[in-house]
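**Student:**
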Amino acid sequence: MAPERAVALAALAVAGVASAQSSVTLFGVVDASVSHYETSSRSLITGSSIKQSQTVLGNSGYNSSRLGFRGTEDLGGGLAASFWLEAPISNDDGNPSALTFQRRSTVSLSGGFGEVRLGRDYTPTFWNDTVFDPFGTNGVGTNVISSAHSAVLTSVGLPSDSNYVRANNTVGYFLPSNLGGFYGQVQYGMHENVKTSGVEVSKAGRYVGGRVGYANGPVDVGLAYGRSDVVNNGAGTGVDVRTLNLGASYDFGVVKLFTELSRVTNEFYSYQLGSGKIDLNGFLIGATAPVGAGLIRVAYSQAKADLDSSYDPRSRKFAIGYVHNLSKRTALYTTVARVANKNGAPITVGGTPRFSTAAGYEPRNSTGYDFGIRHAF
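Letter by letter, the sequence shown follows residues 1 to 377 in our numbering.
1. Around the Cβ of Gly213, are there at least 16 other Cβ atoms within 10 angstroms (buried) or fewer (exposed)?
2. What is the residue span of the beta strand (DSSP E) that Thr330 lies within?
3. Which value, in whole angstroms, describes the spacing of the CA atoms of Gly184 and Ser228?
4. The alpha helix (DSSP H) that contains Ser146, what's its start and end?
5. How long is the line joining the alpha carbons of Asn178 and Leu57, rounded to whole angstroms?
6. Tell me the residue span of the alpha helix (DSSP H) that contains Thr125.
7. In this structure, how does DSSP classify Val378 when only helix, strand and coil are distinguished?
8. Roughly how many angstroms lie between the CA atoms of Lys51 and Leu79, to the nearest whole one?
9. DSSP three-state label for Ala204, please.
10. What are the residues that DSSP puts in a beta bridge with Ser90?
11. Answer yes or no: do Gly141 and Ala319 have a C-beta to C-beta separation smaller than 8 Å?
12. Closer than 7 Å by C-beta to Asn343: which residues in its own chain qualify, once you throw out the five before and the five after it? Chain order, please.
13. Touching or not, the segment 30-48 and the segment 362-377, by the rule of three or more beta carbon pairs under 8 Å?
14. Can you give me the Cβ contacts of Val349 inside the same chain, cut-off strictly under 7 Å, excluding the 5 residues immediately before and after it?
15. Got a sec? Which residues, its chain only, sit under 7 Å from Gly16 by beta carbon, not counting five neighbours each side?
16. For Asp306, list the residues DSSP reports as bridge partners.
17. For Pro290, list the residues DSSP reports as bridge partners.
18. Thinking C-beta only, is Ala248 closer than 8 Å to Asp220?
19. With C-beta atoms as the reference, is Val208 less than 8 Å away from Tyr188?
20. Can you tell which of Val291, Arg316, Tyr300 has the C-alpha that lies nearest to the C-alpha of Val323?
21. Quick one: what's got a C-beta closer than 6 Å to Thr352's C-beta in the same chain, skipping five residues either side?
22. Taking the DSSP output, what are the residues bridged to Thr72?
23. If contact is defined by three or more beta carbon pairs under 8 Å, each pair taking one atom from either stretch, is the segment 128-137 in contact with the segment 292-300?
24. Could you pull the DSSP bridge partners for Asp312 from this structure?
25. Count the other CB atoms, across all protein chains shown, that sit within 10 Å of the CB of Ser23; report buried if there are 16 or more and exposed otherwise.
26. Quick one: residues in its chain with C-beta nearer than 6 Å to the C-beta of Pro218, no 5 flanking neighbours on either side, listed in chain order?
27. Hey, how far is the Cα of Gly114 from the Cα of Ala81?
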């Protein structure tokens, strides 16, 4: 046998062994909807209203549209190496600029000790916002706690918290799954800013958080805490966001109940604004109920910013929807939602329409609907 042919056959044999010990999966979701958004601003002087509205073909009304690759290699001795690369997709317009692995890009090592995970990943505090939301923080039904999280900072001219949903450059640890229903994780996101001798280093971008809980049978309870350095330039400007939330669900079979309590403390200091603190307190209660091949979803949520005044901004939201499963992978869905704002709170149900900034006008209501189809593969 020629040496070249022997080498080629040996390479094929090695490749066959490697593929037998590992697996790679292509997965994704394509979700498209006809969606409508509307806002109404009212004059404090005349009582007249200014409305903005928009109807679009959107995506991610039920589940976030995505394309991903994940794989696991059995290393033996109970160890496994895994990777997960997941990108958002804009299936409504085919925009290729969204096709980056910003939803999740991690590599991990797992075994009897649990899992060590490195890369861009969801934050522990966001999990409670989405797991205990009947609408899963997707579409017009997304709970107002999630919508208001960053709006508090932007309302006073400060940048929003980029670490709310996901954090970059993280090192995370997850408890093993064989603890009788108890689960937990810790996560540290590095700021990666350059240190210079004699100059205080900026910690902007850093995230530290953790989550513990218990899930067994019909019950799931989770407690999470996280701290994010939004701005910290070491020269008189800083924004620090601390999130504490508690969520729970219980499945009675005929109905599944959800609830969440959330408190977000936003501390800031700058030459322009001075120093201050804004607490955002949130509450959610919701339910899902199976009906034949479908699922009814309903939720009420509210968020209130504590400005130490009698005119604290407040938003209340009610959402109701129905999902009809055509198969295990394909579903039709519809959702209707309405937000009622008070004392200048600027929360909308989504889309581009915003509230009027004309003198004497304040945000009032926002309504919207999604009607679409979701296919998973």
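The C-beta atom is built at its ideal place from N, Cα and C for all residues, glycine as well. Just so it is clear, the structure is predicted and the values come from calculations on it, not from any experiment.
**Tutor:** Reading from the atomic positions:
1. buried
2. Here the beta strand (DSSP E) through Thr330 covers 330-342.
3. One C-alpha to the other measures close to 19 Å.
4. Segment 144-154, the alpha helix (DSSP H) holding Ser146.
5. 44 Å
6. 124-131
7. The structure shown does not extend to residue 378, since the chain is modelled only from 1 to 377, so the question has no answer here.
8. 58 Å
9. Note: Ala204 maps to coil in three-state DSSP.
10. Asn95
11. yes
12. Tyr311, Asp312, Pro313, Arg314
13. yes
14. Tyr37, Val140, Ala337, Val339, Ser366, Thr367, Gly368
15. Since pLDDT at Gly16 reaches only 43, below the 50 mark, its modelled position is unreliable, and no value is offered.
16. Under DSSP, Asp306 shares a beta bridge with Asp279.
17. Leu295
18. Yes, Cβ-Cβ distance for Asp220 and Ala248 is below 8 Å.
19. yes
20. Val291
21. Cβ within range, chain order: Gln54.
22. Ser23, Ser82
23. With a cut-off of 8 Å, the segment 128-137 and the segment 292-300 count as touching, because enough Cβ pairs lie within range.
24. Beta-bridge pairing links Asp312 to no other residue.
25. exposed
26. Tyr250, Asp251
27. 12 Å
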